[in-house]
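To start, the structure under review is shown below, and the notes come after it.
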Amino acid sequence: MPCQYLNFIGGQWVPSRTQRTFPNINPANTGEVVGEFQASGPEDVAAAFAAAESAQSAWGALPAPRRGEYLFKAAEILESELQAAATDMTREEGKTLPEAAGEVKRA
Numbered sequence: 011m012p013c014q015y016l017n018f019i020g021g022q023w024v025p026s027r028t029q030r031t032f033p034n035i036n037p038a039n040t041g042e043v044v045g046e047f048q049a050s051g052p053e054d055v056a057a058a059f060a061a062a063e064s065a066q067s068a069w070g071a072l073p074a075p076r077r078g079e080y081l082f083k084a085a086e087i088l089e090s091e092l093q094a095a096a097t098d099m100t101r102e103e104g105k106t107l108p109e110a111a112g113e114v115k116r117a
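So my numbering is basically just the index in the sequence shown, starting at one, shifted up by 10.
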């Protein structure tokens with residue numbers, strides 16, 4: 011079953027305001043729909059920018075060491091999910107597994 015991807019705006023997973031999606035098709039197997047992505051429009055972009063702008067003051071008020079802790083934790087989570095993320099990228103983009111794993115590591 012294909013993954014249904016939503017937009018993450020203002021701390022919530024939400025569908026696009028256009029109510030449209032588009033398929034992500036495995037380039038190595040054009041019969042396989044890997045996922046459905048939101049066909050986001052200008053209203054979604056504006057909402058995302060407004061949410062980011064709203065969150066900026068709270069983020070900026072945190073001491074730099076605390077922000078660093080959050081970033082290191084995010085890196086730790088990404089690293090723990092490296093294989094799954096690389097496998098997804100291979101199916102979604104047609105990259106080789108080593109190429110996809112390298113991209114995840116650089117993120």
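C-beta: ideal position from N, C-alpha, C; glycine also.
Beta-bridge partners of residue i, as assigned by DSSP
| i | result |
| --- | --- |
| Gly45 | Cys13 and Asn34 |
| Phe59 | Note: Phe59 sits in no beta bridge, so no partner. |
| Ile19 | Gln22 |
Cβ shell of residue i (< 8 angstroms), same chain only, five flanking positions each side left out
| i | result |
| --- | --- |
| Pro73 | none |
| Glu46 | Pro12, Cys13, Gln14, Tyr15, Thr31, Phe32, Pro33 and Asn34 |
Reduced DSSP category for residue i - H, G, I as helix; E, B as strand; rest coil
| i | result |
| --- | --- |
| Gln93 | helix |
| Gly78 | helix |
| Thr100 | helix |
Where the alpha helix (DSSP H) containing residue i begins and where it ends
| i | result |
| --- | --- |
| Gln29 | Looking at the DSSP string, Gln29 is not in any alpha helix (DSSP H), and its letter there is neither H nor E. |
| Leu107 | Leu107 to Arg116 |
Contacts around residue i, its chain only, beta-carbon distance under 6 angstroms, and the 5 residues preceding and following it disregarded
| i | result |
| --- | --- |
| Pro37 | Gly104 |
| Ala58 | Ile19 |
Residue i versus residue j - alpha carbon distance
| i | j | result |
| --- | --- | --- |
| Leu92 | Gly51 | 30 angstroms |
| Val43 | Ala60 | 32 angstroms |
| Glu79 | Gly41 | 43 angstroms |
| Lys115 | Arg27 | 33 angstroms |
| Gln48 | Glu102 | 15 angstroms |
Cβ-based neighbour list, residue i, same chain, cut-off 7 angstroms, excluding 5 preceding and 5 following
| i | result |
| --- | --- |
| Gly112 | none |
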